[in-house]
Every structure is written in C-alpha cells, then in structure tokens.
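Numbering (the numbering used here), first residue to last: -3 to 134.
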C-alpha cells in the first residue's frame, strides 16, 4: 500500500495595518491599497486550498515580526510591500532556507532609489535619459 504524501504548506505573509501605520502613510490611496491586502489574502488562501495545499497565514506589523518564527511551510508567498516592512522582511526571508516569492533586498533597494537604478543601468551600458542630481545642500 502506497503511503500518501502530506500536502505542501504555503505560508502567506502580509502587513496588517495598525492605526499608527495609517497616520504615517503619505495619502489615503496607500492605505486603501494595503487594506485591500486582506481581501487578496482571503482569495489566495482559498485558491491554494482548492488546489490541495495547506495554507498558513502570517500577519505582520512594523513592530511585531515575531510571527515569522511561526512559519512551518515549504514555500512563502510574500505579500508584504509596505515601505516600512518591505526591506526588513526581504532581509529575513533571504536568510531563511524556505523558498519565497518577492524580490531580494538589493533589488528592492535599487528599485526604490532612482539615482541608484540609473547608475546601475548606465554601468550595464543601457540607455538612460539625461538627469541631474540636486542635493538639499546645493
């Protein structure tokens, strides 16, 4: 008799907005996008379960990352894209031995810094529009 394999477990990470987070956001559109994440988590969870995966949902806040210790999964689906947590979570995920979605720390830092991105593109001899750097001290 063949032994049945246990289904893979996929952890879904997402940023749970606190009242303090909402106060610090630049505008209401950013808040709406992050509040919409809970709906996304619901549908992704439902879809993965439909396909036979076990699902572990991990809520994270900027002050509480201890939930990451609770991950017991074969793969991590990273839905954290808040500016506050994105780099911190990417650093932690890069250190874990669990495969995960999302960009590496260096990719996030490059994409969040236009000057750095342009310099990287120039270094690879790719066309970049002319630009000037104006510093606050200028």
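Ideal placement from N, C-alpha and C gives every residue a C-beta, glycine not left out.
Model, not experiment: these values are computed from the prediction.
**Message:** Which residues does DSSP list as the beta-bridge partners of residue 73?
**Reply:** Along the chain shown, read from residue 1 onward, the residue named residue 73 stands at position 77. Answer is 8, bridged to residue 73.
Q) residue 33 and residue 61: beta carbons closer than 8 Å? A) Against the chain shown, residue 33 aligns to sequence position 37. Against the chain shown, residue 61 aligns to sequence position 65. The answer is no: Cβ separation not under 8 Å.
- Could you tell me whether the stretch 66 to 73 touches the stretch 88 to 103, using the rule of 3 or more Cβ pairs below 8 Å? yes
Closest to residue 5 by C-alpha separation, out of 46, 108, 69, would be which residue? The residue you call residue 5 lines up with position 9 of the chain shown. It is 69 whose Cα lies nearest to the Cα of residue 5.
Nonlocal neighbours in the same chain, by C-beta distance under 7 Å from residue 63, ignoring five residues either side: Residue mapping note: residue 63 aligns to position 67 of the chain shown, counting from 1. Closer than 7 Å at the Cβ level, and outside the excluded window around residue 63, lie 54, 55, 56.
* What is the C-beta distance between residue 114 and residue 127, in whole angstroms, given that I count them as a contact (C-beta under 8 Å)? -> What you label residue 114 is simply residue 118 of the chain shown in a count that begins at 1. What you label residue 127 is simply residue 131 of the chain shown in a count that begins at 1. Taking C-beta atoms under 8 Å as the contact rule, residue 114 and residue 127 qualify, at a distance of about 6 Å.
Give me the residue from 15, 40, 51 with the minimum Cα distance to residue 3. Taking the first residue of the chain shown as 1, we reach residue 3 at position 7. Ranking the options by Cα distance to residue 3, first place goes to 51.
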